[in-house]
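Asker:
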Amino acid sequence: MPELPEVHTISQDLKNNIVGYKIENIQIERNYKIPEIEKIRLGKIKDKKISDVERIAKNIVIKLSENEFLVFHLAMTGRIILTPSKEKKDKWTKIVFKISKNGDEKYLKFCDMRQFGKIKVLDEKSLSELRNKYGLDILEGNITPDKFLEIIKSKNTTIKNAFMDQKIISGVGNIYATDALFLAGINPKTRTKDINLQKSENLLSSLKQILQEGIKNRGATLPDEMYVDIFGKPGNQQKHFKIYGKKICPRCGARVSFEKINGRGTYSCPVCQPLIERKTKNPQKTNQQKSLL
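Every position in the sequence shown, counted from 1, becomes a number in the working numbering once 97 is added.
#1: How close, in whole Å, do the beta carbons of residue 169 and residue 157 come, if the pair is a contact with beta carbons under 8 Å?
#2: One question on the structure: do residue 103 and residue 316 come within less than 8 Å of each other, judged by their Cβ atoms?
#3: So residue 116 is in the alpha helix (DSSP H); what residue range does that whole segment cover?
#4: For residue 268, does the count of other Cβ atoms within 10 angstroms reach 16, so buried, or fall short, so exposed?
#5: Give every residue of the same chain whose Cβ lies closer than 6 Å to the Cβ of residue 304, excluding the five residues on either side of it in the sequence, and list them in chain order.
#6: Using three-state DSSP, classify residue 279 as helix, strand or coil.
#7: Is it true that the CB of residue 161 sits closer than 8 Å to the CB of residue 214?
#8: By the DSSP assignment, the beta strand (DSSP E) with residue 354 in it spans what residues?
#9: Residue 168 bridges to which residues according to DSSP?
#10: Report yes or no: do three or more beta-carbon pairs, one from the segment 254-263 and one from the segment 338-354, lie closer than 8 Å?
#11: Could you tell me if the beta carbon of residue 290 falls within a distance shorter than 7 Å of some heavy atom in the ligand MG?
#12: Could you compute how far the alpha carbon of residue 134 sits from the alpha carbon of residue 221?
#13: Where does residue 211 fall in DSSP's three states?
#14: Using three-state DSSP, classify residue 362 as helix, strand or coil.
#15: Which class does residue 176 belong to by DSSP, given the choice of helix, strand or coil?
#16: Count the CB pairs spanning the segment 198-214 and the segment 173-186 that are closer than 8 Å, and state whether there are at least three.
#17: How should residue 385 be labelled, buried or exposed, when 16 other C-beta atoms within 10 angstroms of its C-beta is the threshold for buried?
#18: If you follow the beta strand (DSSP E) that residue 148 is part of, which residue opens it and which one closes it?
#19: Using the DSSP secondary-structure output, state which residues sit across from residue 125 in a beta bridge.
#20: Cutting at 7 Å between CB atoms, please list the residues of its own chain near residue 116, excluding the five before and the five after it.
#21: Alpha carbon to alpha carbon, how far is residue 359 from residue 212? Give it in angstroms, no decimals.
#22: Quick one: Cα of residue 137 to Cα of residue 343, how far?
#23: At what residues does the alpha helix (DSSP H) containing residue 298 begin and finish?
#24: Can you look up residue 106 in the DSSP assignment and give me helix, strand or coil?
#25: Strictly by DSSP, which residues pair up with residue 231?
#26: Look at residue 192 and residue 125 and say whether their C-beta atoms are less than 8 Å apart.
#27: Where does residue 405 sit, in a helix, a strand or coil, going by DSSP?
#28: Nearest CA to the CA of residue 373: which residue from 100, 301, 237 and 285?
#29: Taking the straight line between their C-alpha atoms, what separation do you get for residue 338 and residue 100?
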C-alpha cells in the first residue's frame, strides 16, 4: 500500500502538472464497480477547474472550483497516471479524466488491479470530516517529543501498532514504521506505556528521518511494482531500506527476526532492538515473604 512518501510524491507531481486545467470529460470503465451516487457526483464535476492538490494522510485531494474536492485513496494497488495523450489503457484502468488548459490536453487515469481503492467527490464540510478522522501528521507543524509521547501513549498497544493506527499517526504504514523503529533501536512489540521521553525523542526523530528520506527518493517500489509515480516511474526508497525485507542486520550482522504483528510482516534485529519490558513484582515471591512475617 502506498504510504505517506508515495502519496506525497503523487500529490506534489499532480500539483505541479494539473493545476489550472479543466476537466473536459470523465470516462468510467464498465467493469469498475462504483456506487451509483459516486457516478452521479463524478458526472457533476465536468467543466470544473483544478485549483490545488494536497495530501491528507494517505489521501490525494484535488481541489476543484466551487469548493468541491476529488479525493483518491489508492489502498493496496491503486495508481494515478498522467499522460499527454489518451494512449492505450492498461487493463487495470478504471476511470479516465480528460483535462485541458489553453488547448493542451492531458489524460489522468485512475488504475486499480484489486479494486480496493476509493474515489469520491466531497464538499468542504465532508472534507473537513475526513481530515478530522486522522491523527498526527508527522511532517506538519513542529511536534515536540513530549507531545509526541502523549499522543502515542493515548492507546495501550505495541509501538508498531501505534505507528500504523491512522487515528494516532496518519500516513505511516508497514515499511516506514519498521525502518523507523530500527533506526530508533526500539523493538516493534514494545508497549506504548513503556515508552519514556528519551525513547519518544528517538522515535520522533527516526520517523521524520525515514519519511523525509522516502520523499527524497520518491517512494518505494517493491518487487510487485505496484507503486509508480504519475509518469509510470518506480521509486528508489527500496534501495535504502534499513531493515525491511532484510535477512541480516546491516548494523550488527545478527540474523533478522521476522514475525507477524497484527497481521503485518515485521522485521527487527534482536540485538539492536531488544525487547525491554517493564519489571513487575513477582506475586508468588511477595506471598512467600508475607507468610514468613
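C-beta atoms are modelled at their ideal positions from N, C-alpha and C, and glycine is treated no differently.
Answerer: The relevant details are as follows:
#1: As a working mapping, residue 169 is identified with position 72 in the sequence shown. As a working mapping, residue 157 is identified with position 60 in the sequence shown. About 4 Å separates the two Cβ atoms, so the contact holds.
#2: Reading the sequence shown from its first residue, position 6 is the one you call residue 103. Reading the sequence shown from its first residue, position 219 is the one you call residue 316. Yes, the Cβ-Cβ distance between residue 103 and residue 316 is below 8 Å.
#3: Residue 116 sits at position 19 when you count from the first residue of the sequence shown. From DSSP, residue 116 is part of no alpha helix (DSSP H); its letter is neither H nor E.
#4: Within the sequence shown, residue 268 is the residue found at index 171, counting from 1. That one is buried.
#5: As a working mapping, residue 304 is identified with position 207 in the sequence shown. Short of 6 Å from the beta carbon of residue 304, and not among the five residues preceding or following it, lie these beta carbons of its own chain, in chain order: 235 and 277.
#6: Taking the first residue of the sequence shown as 1, we reach residue 279 at position 182. Of the three classes helix, strand and coil, the one that applies to residue 279 here is helix, per DSSP.
#7: The sequence position of residue 214 within the sequence shown is 117, counting from 1. The sequence position of residue 161 within the sequence shown is 64, counting from 1. Residue 214 is not a Cβ neighbour of residue 161, given a cutoff of 8 Å.
#8: As a position in the sequence shown, residue 354 is number 257, starting the count at 1. Start and end: 354-358.
#9: Within the sequence shown, residue 168 is the residue found at index 71, counting from 1. Answer is 158 and 217, bridged to residue 168.
#10: No, because fewer than three Cβ pairs between the segment 254-263 and the segment 338-354 fall closer than 8 Å, the two stretches do not touch.
#11: Of the ligands one can find in the structure shown there are none, so the ligand MG has no counterpart to examine.
#12: The residue labelled residue 134 in the question sits at position 37 within the sequence shown. The residue labelled residue 221 in the question sits at position 124 within the sequence shown. Going from the Cα of residue 134 to the Cα of residue 221 covers about 18 Å.
#13: Counting from one through the sequence shown, the residue named residue 211 turns up at place 114. Coil at residue 211, not helix or strand.
#14: Numbered from 1 along the sequence shown, position 265 holds the residue referred to as residue 362. In the displayed model, residue 362 falls within a strand according to three-state DSSP.
#15: For the purposes of this step, residue 176 is taken as residue 79 along the sequence shown, with counting starting at 1. Three-state DSSP puts residue 176 in a strand.
#16: With the cut-off at 8 Å, the segment 198-214 and the segment 173-186 touch.
#17: Counting from one through the sequence shown, the residue named residue 385 turns up at place 288. With a pLDDT of 43 at residue 385, under the threshold of 50, the modelled position of this residue cannot be trusted, and the question is left open.
#18: Position 51 of the sequence shown, counted from the first residue, corresponds to residue 148. Here the beta strand (DSSP E) through residue 148 covers 147-153.
#19: Translated into positions along the sequence shown, residue 125 becomes position 28. When DSSP reads this structure, residue 125 sits in a beta bridge with 192.
#20: Within the sequence shown, numbered from 1, the residue matching residue 116 stands at position 19. Excluding residues within five positions, the ones whose Cβ falls inside 7 Å are 147, 148, 149 and 150.
#21: Translated into positions along the sequence shown, residue 212 becomes position 115. Translated into positions along the sequence shown, residue 359 becomes position 262. Spanning the two alpha carbons is a distance of roughly 23 Å.
#22: Along the sequence shown, read from residue 1 onward, the residue named residue 137 stands at position 40. Along the sequence shown, read from residue 1 onward, the residue named residue 343 stands at position 246. Using only the alpha carbons, I get a separation of about 47 Å.
#23: Sequence index remark: in the sequence shown, residue 298 carries index 201 (1-based). Taken as a continuous stretch (DSSP letters only), the alpha helix (DSSP H) holding residue 298 covers 294-313.
#24: Within the sequence shown, residue 106 is the residue found at index 9, counting from 1. Per DSSP, reduced to three states, the secondary structure at residue 106 is helical.
#25: Numbered from its first residue, the sequence shown carries residue 231 at position 134. In the DSSP output, where bridge partners are listed per residue, residue 231 has none listed.
#26: Numbered from its first residue, the sequence shown carries residue 192 at position 95. Numbered from its first residue, the sequence shown carries residue 125 at position 28. It is a contact, given that the beta carbons lie within the stated cut-off.
#27: This structure cannot speak to residue 405, because the chain is shown only from 98 to 390.
#28: Here residue 373 is taken as the residue at index 276 of the sequence shown, counted from 1. Checking every option, the nearest Cα to that of residue 373 belongs to 285.
#29: By 1-based counting over the sequence shown, the position of residue 338 is 241. By 1-based counting over the sequence shown, the position of residue 100 is 3. Cα to Cα, the separation comes out at about 14 Å.
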